[in-house]
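Counting in the working numbering, the sequence shown runs from 203 upward without gaps.
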Amino acid sequence: MTPHTMEHTPIDDISMASFDHIIINANIATFSAQYGFDIYASDRTDSSPYGQLENAALGIKNGKIAWIGAHEQITPHLSQYQDQQITDGNGKWLTPGLIDCHTHIVYGGNRSNEFEARLQGVSYQDIAAQGGGIVATVSATREASIETLFAQSEKRLLALIQEGVTSIEVKSGYGLDLDTERKMLTVARKLGDKHGIHVSTTYLAAHALPPEYQSHMQDRADEYIEQVCAWLPILHSEGLVDAVDGFCENIAFNTAQIKRVFEVARLLDLPVKLHSEQLSDIGGSALVAEYQGLSSDHLEHLSEADIKKMAASNTVAVLLPGAFYTLRDTKLPPIDALRKYQVPMAISTDCNPGTSPLTSLLLAMNMGCTLFYLTPEEVLAGTTLHAAQALGLSNKGKIEVGCDADLALWDITRPADLAYQIGLNPIQGIMSQGRWRKDDGVRPYRPSKKIGKAKKPQSL
203 MTPHTMEHTP IDDISMASFD HIIINANIAT FSAQYGFDIY ASDRTDSSPY
253 GQLENAALGI KNGKIAWIGA HEQITPHLSQ YQDQQITDGN GKWLTPGLID
303 CHTHIVYGGN RSNEFEARLQ GVSYQDIAAQ GGGIVATVSA TREASIETLF
353 AQSEKRLLAL IQEGVTSIEV KSGYGLDLDT ERKMLTVARK LGDKHGIHVS
403 TTYLAAHALP PEYQSHMQDR ADEYIEQVCA WLPILHSEGL VDAVDGFCEN
453 IAFNTAQIKR VFEVARLLDL PVKLHSEQLS DIGGSALVAE YQGLSSDHLE
503 HLSEADIKKM AASNTVAVLL PGAFYTLRDT KLPPIDALRK YQVPMAISTD
553 CNPGTSPLTS LLLAMNMGCT LFYLTPEEVL AGTTLHAAQA LGLSNKGKIE
603 VGCDADLALW DITRPADLAY QIGLNPIQGI MSQGRWRKDD GVRPYRPSKK
653 IGKAKKPQSL
């Protein structure tokens, strides 16, 4: 397997001297079909792993990637740039900024006491009966002020940013009433605004039945779903909702109830996604496919029939190894069948207080390999290109002309190192919308004063 050979992209001298910033002497994992990326190619001899380019350079203009070419093409024009406009990659690897496409990072409280209790043999049912579980998080989130909720959630976001995350999805779903769902989504928006990363907000009021709707006499789930449907247009009108989610399971809501929520989303022209097939197969993924949904997530019990429907609707399979690990699950998602039908697979942290208190997307990638038997190329595609698709972000997750200049520079020998290493963060620089980050505790990448010769990476 050899890297894609770059053709010298024709571009006039004026343009070559007019970029806002240039990155030279880098090896690039583009994840772009233009550069040979095709993870499902039957014959990999015509494809390039990671869509990689050696000894490459790129030009950035107005926050977008404006040019990609060989290092030698830009060299004659370097004298026309100031030092701060040039980043010398020194043979390091450049990838799209990572994307965490399924998180619940905005929540109040702490449930480490439950983790400790489960290790001592207390069942989840007993914990729930004592007011624990999701009810504890709902109570803590309702009680938290917006300032407290922001401060608690910001720590989790910063941990992800420091590992190269430039886009993230944040769900509501721990409010289960209009005011707290609004508060959660508002905090998510504020986090994105403060830290300059893209935040996709997802309405997940159909997450669980709130305490006030639980009754020993009757199931009030249908009544609560009516409220979920009524709140959605309100929060959408306030600019707080980018997509709609639900929990379709035998311990949550059935397909008929979720369909009512999806119908409201369709009227509002909002994309849908779903927590489905985590514990049982009740047809959630088929429902998502029916609505041309962005993604179906978890999927341990996904059937081959529903995989075919996901393939036909181009719905992404979002795999969540952190929850699989925390719950000590033994039922693997049907990876081979997803490959067979060429369903794009994304990887995410599923950061949440109960079943996946994980704030490392790099560790989630390693888990995807060690627990789910994915390849390093699959998990890196799953946290870039396919994660972007799971959020409907067509201009992110790959490195090609016209895409957003959201990039991560890594001190690694080969892209597989990102999934291989455990506990080592090799980040060198993070770029959001064409600007190297200089805050959040992440070291900005400082251009070298001396521009060296392009270095060839170790071959794959």
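We put the beta carbon where it would ideally sit given N, CA and C, even for glycine.
Go ahead and pull the three-state DSSP assignment for K637.
As a working mapping, residue 637 is identified with position 435 in the sequence shown. The displayed chain sequence assigns Arg, not Lys, to residue 637. Strand, per DSSP.
Helix, strand or coil, according to DSSP, for T615 in the structure here?
The residue given as residue 615 occupies position 413 in the sequence shown. Three-state DSSP puts T615 in coil, outside helix and strand.
Taking only the alpha-carbon atoms, compute the straight-line gap between L540 and L576 and give it to the nearest angstrom.
Translated into positions along the sequence shown, residue 540 becomes position 338. Translated into positions along the sequence shown, residue 576 becomes position 374. Whole-angstrom Cα-Cα distance: 11 angstroms.
So is L522 buried or exposed if we call it buried at 16+ other beta carbons inside 10 Å?
Counting from 1 along the sequence shown, the entry for residue 522 is found at position 320. It counts as buried.
Which class does D214 belong to by DSSP, given the choice of helix, strand or coil?
For the purposes of this step, residue 214 is taken as residue 12 along the sequence shown, with counting starting at 1. Note: D214 maps to coil in three-state DSSP.
Three-state secondary structure (DSSP) at M226?
Counted from its first residue, the sequence shown places residue 226 at position 24. Just to set this straight, residue 226 is Ile in the shown sequence, not Met. DSSP places I226 in strand when its eight states are reduced to three.
In angstroms with no decimal places, state the Cα-to-Cα distance between N315 and G556.
In the sequence shown, the residue the question calls residue 315 occupies position 113. In the sequence shown, the residue the question calls residue 556 occupies position 354. So the alpha carbons of these two residues sit roughly 10 angstroms apart.
Looking only at C-alpha atoms, which of Q630, L504, E349, S217 sits nearest to Q275?
Position 73 of the sequence shown, counted from the first residue, corresponds to residue 275. Closest option to Q275, Cα to Cα, is S217.
I need the boundaries of the alpha helix (DSSP H) containing F526, first residue and last residue.
Indexing the sequence shown from 1 puts residue 526 at position 324. Taken as a continuous stretch (DSSP letters only), the alpha helix (DSSP H) holding F526 covers 523-528.
How long is the line joining the alpha carbons of D215 and P278, rounded to whole angstroms?
For the purposes of this step, residue 215 is taken as the residue at position 13 of the sequence shown. For the purposes of this step, residue 278 is taken as the residue at position 76 of the sequence shown. Their Cα atoms are separated by approximately 10 angstroms.
Quick one: using the 10 Å Cβ neighbour count with 16 as the cut-off for buried, is T403 buried or exposed?
Indexing the sequence shown from 1 puts residue 403 at position 201. T403 should be labelled buried.
Going by DSSP in three states, C431 sits in which element: helix, strand or coil?
If you number the sequence shown from 1, residue 431 lands on position 229. Of the three classes helix, strand and coil, the one that applies to C431 here is helix, per DSSP.
So, does the segment 584-596 touch the segment 328-346, judging by three or more C-beta pairs under 8 angstroms?
no
Look up N516 in the DSSP assignment and say whether it is helix, strand or coil.
Within the sequence shown, numbered from 1, the residue matching residue 516 stands at position 314. Looking at N516 - three-state DSSP - the assignment turns out to be coil, as it is neither helix nor strand.
Is H279 helix, strand or coil by DSSP?
Here residue 279 is taken as the residue at index 77 of the sequence shown, counted from 1. DSSP places H279 in helix when its eight states are reduced to three.
On a CA-only basis, which of L489, F239, L472, G377 is nearest E479? Give me that one, please.
Residue mapping note: residue 479 aligns to position 277 of the sequence shown, counting from 1. Measuring from the Cα of E479, the nearest candidate turns out to be L489.
Let me check understanding here. Comparing Cα to Cα, which of A258, N257, Y242 lies closest to P251?
Numbered from its first residue, the sequence shown carries residue 251 at position 49. If we check each option's Cα against that of P251, Y242 comes out closest.
On the CB-based measure, 16 or more other CB atoms within 10 Å of its CB, does Q354 come out buried or exposed?
The residue labelled residue 354 in the question sits at position 152 within the sequence shown. Flag for Q354 reads buried.
Assign E502 to buried or exposed, taking buried as 16 or more other Cβ atoms, counted over all protein chains shown, within 10 Å of its Cβ.
Counting from one through the sequence shown, the residue named residue 502 turns up at place 300. Around the Cβ of E502, a 10 Å sphere holds 16 or more other Cβ atoms; the residue is buried.
For H306, which three-state DSSP category applies?
The residue labelled residue 306 in the question sits at position 104 within the sequence shown. Looking at H306 - three-state DSSP - the assignment turns out to be coil, as it is neither helix nor strand.
According to DSSP, what are the bridge partners of H500?
As a working note, residue 500 is residue 298 in the sequence shown. Looking at the DSSP assignment, H500 forms a beta bridge with S478.
Applying the criterion that 16 or more other CB atoms from any shown protein chain within 10 Å of the CB defines a buried residue, is F221 buried or exposed?
The residue you call residue 221 lines up with position 19 of the sequence shown. Buried.
Please name the residue, chosen from N597, Y527, T517, that lies closest to S234 on a Cα-to-Cα basis.
In the sequence shown, residue 234 corresponds to position 32, counting from 1. Taking only the C-alpha atoms, the option nearest S234 is N597.
Can you tell me where the alpha helix (DSSP H) with F317 in it begins and where it stops?
Counting from one through the sequence shown, the residue named residue 317 turns up at place 115. If you look at F317, you'll find it in the alpha helix (DSSP H) that goes 314-321.
In or out: D508 buried (at least 16 other Cβ within 10 Å) or exposed?
Within the sequence shown, numbered from 1, the residue matching residue 508 stands at position 306. D508 is buried by the Cβ-count criterion.
Would you be able to state if there are at least three C-beta pairs under 8 angstroms between the segment 551-565 and the segment 299-316?
yes
Measure from the alpha carbon of T551 to the alpha carbon of each residue in L529, P536, H306, I267, then state which is nearest.
Here residue 551 is taken as the residue at index 349 of the sequence shown, counted from 1. Considering only alpha carbons, the answer is H306.
Residues bridged to H400 by DSSP?
What you label residue 400 is simply residue 198 of the sequence shown in a count that begins at 1. According to the DSSP secondary-structure assignment, H400 is paired through a beta bridge with S369.
To the nearest angstrom, how far is the alpha carbon of I213 from that of Q287?
Start at 1 with the first residue of the sequence shown, and residue 213 comes out as number 11. Start at 1 with the first residue of the sequence shown, and residue 287 comes out as number 85. Whole-angstrom Cα-Cα distance: 19 angstroms.
Grouping DSSP H, G and I as helix and E and B as strand, with all else coil, what is V443?
As a position in the sequence shown, residue 443 is number 241, starting the count at 1. Three-state DSSP puts V443 in coil, outside helix and strand.
To the nearest whole angstrom, what separates the beta carbons of V581 and I629, a pair I think is in contact under 8 angstroms?
Reading the sequence shown from its first residue, position 379 is the one you call residue 581. Reading the sequence shown from its first residue, position 427 is the one you call residue 629. Taking the Cβ atoms as the reference, V581 lies roughly 17 angstroms from I629, outside the contact range of under 8 angstroms.
How far does the alpha helix (DSSP H) with K542 in it extend, from its first residue to its last?
For the purposes of this step, residue 542 is taken as residue 340 along the sequence shown, with counting starting at 1. Residues 537-542.
With a threshold of 16 other CB atoms inside 10 Å of the CB of I399, please say whether the residue is buried or exposed.
In the sequence shown, counting from the first residue as 1, residue 399 sits at position 197. Buried: at least 16 other Cβ atoms inside 10 Å.
Report yes if the CB atom of A454 is closer than 8 angstroms to the CB atom of A410, and no otherwise.
Position 252 of the sequence shown, counting from 1, holds the residue named residue 454. Position 208 of the sequence shown, counting from 1, holds the residue named residue 410. Contact flag set, yes.
With DSSP as the reference, please indicate the residues paired to A548 in a beta bridge.
Mapped onto the sequence shown, residue 548 falls at position 346. Beta-bridge partners assigned by DSSP to A548: V520.
Between the alpha carbons of T343 and R358, how many angstroms are there, rounded?
Reading the sequence shown from its first residue, position 141 is the one you call residue 343. Reading the sequence shown from its first residue, position 156 is the one you call residue 358. Going by C-alpha positions, T343 is about 15 angstroms away from R358.
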